[in-house]
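Q: Residue numbers (the working numbering): 5 to 133.
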Amino acid sequence: VAPKQNWQIAQEGMHLVTVSGTARSIFKNVAYPVAGKTGTSQVFTLADNQNYNAKDIAEHLRDHALFVGFAPVHNPKVLVATVLENGGWGKNAAPLAKKIMDYVLLKPTLNPASSDNTANDKSVKTTTS
């Protein structure tokens with residue numbers, strides 16, 4: 005088992021990804037602190053003289069987008085891992101993770117069928133069982 009300090013370092017680094025890193029625009033103004041990490045999985049290997057350009061590559065060969073995260077940061081209630089097959093790069097997987105987190109953590113005020121930024125909109129009515 006790793007020392008608690010190791011976990012705290014990883015936790016803070018993942019939190020910074022959602023505050024000032026690649027996922028900052030997705031998690032801006034959320035009602036709970038989030039920790040996460042974006043990632044990209046290469047589908048095929050390029051030759052040394054090739055450059056990756058998604059527009060020039062068949063869709064089934066494009067990179068996969070990944071995001072793993074948890075919230076709230078210091079007392080996690082939800083852990084989400086998303087993979088978007090051929091989704092481009094990691095930031096593209098973060099909006100789906102945010103929607104799942106919003107649904108779990110804010111479900112009394114969330115309408116899953118509505119647009120992205122309604123999680124904190126008190127005018128959105130939902131029913132719960």
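The beta-carbon is built from N, C-alpha and C at its ideal position, and this holds for glycine as well. Only a predicted model underlies this, so the values are computations on that prediction, with no experimental measurement involved.
Given a threshold of 16 other Cβ atoms within 10 Å of its Cβ, counted over all protein chains shown, does T132 qualify as buried or as exposed?
A: At T132 the pLDDT is 46, less than 50, meaning the model places this residue with poor confidence and gives no usable figure here.
Q: Check whether the stretch 31-48 and the stretch 68-85 are in contact - that is, three or more C-beta pairs closer than 8 Å.
A: Segments in contact, yes.
Q: Applying the 10 Å Cβ sphere with the 16-neighbour rule, what's the burial state of F31?
A: Flag for F31 reads buried.
Q: Should H19 be labelled buried (16 or more other beta-carbon atoms within 10 Å of its own) or exposed?
A: The residue in question, H19, is buried, as its Cβ has 16 or more Cβ neighbours within 10 Å.
Q: Among P7, Q15, A6, which one has its Cα closest to the Cα of N79?
A: Ranking the options by Cα distance to N79, first place goes to Q15.
Q: For the alpha helix (DSSP H) containing F31, name the first residue and the last one.
A: Its alpha helix (DSSP H) spans residues 28-31.
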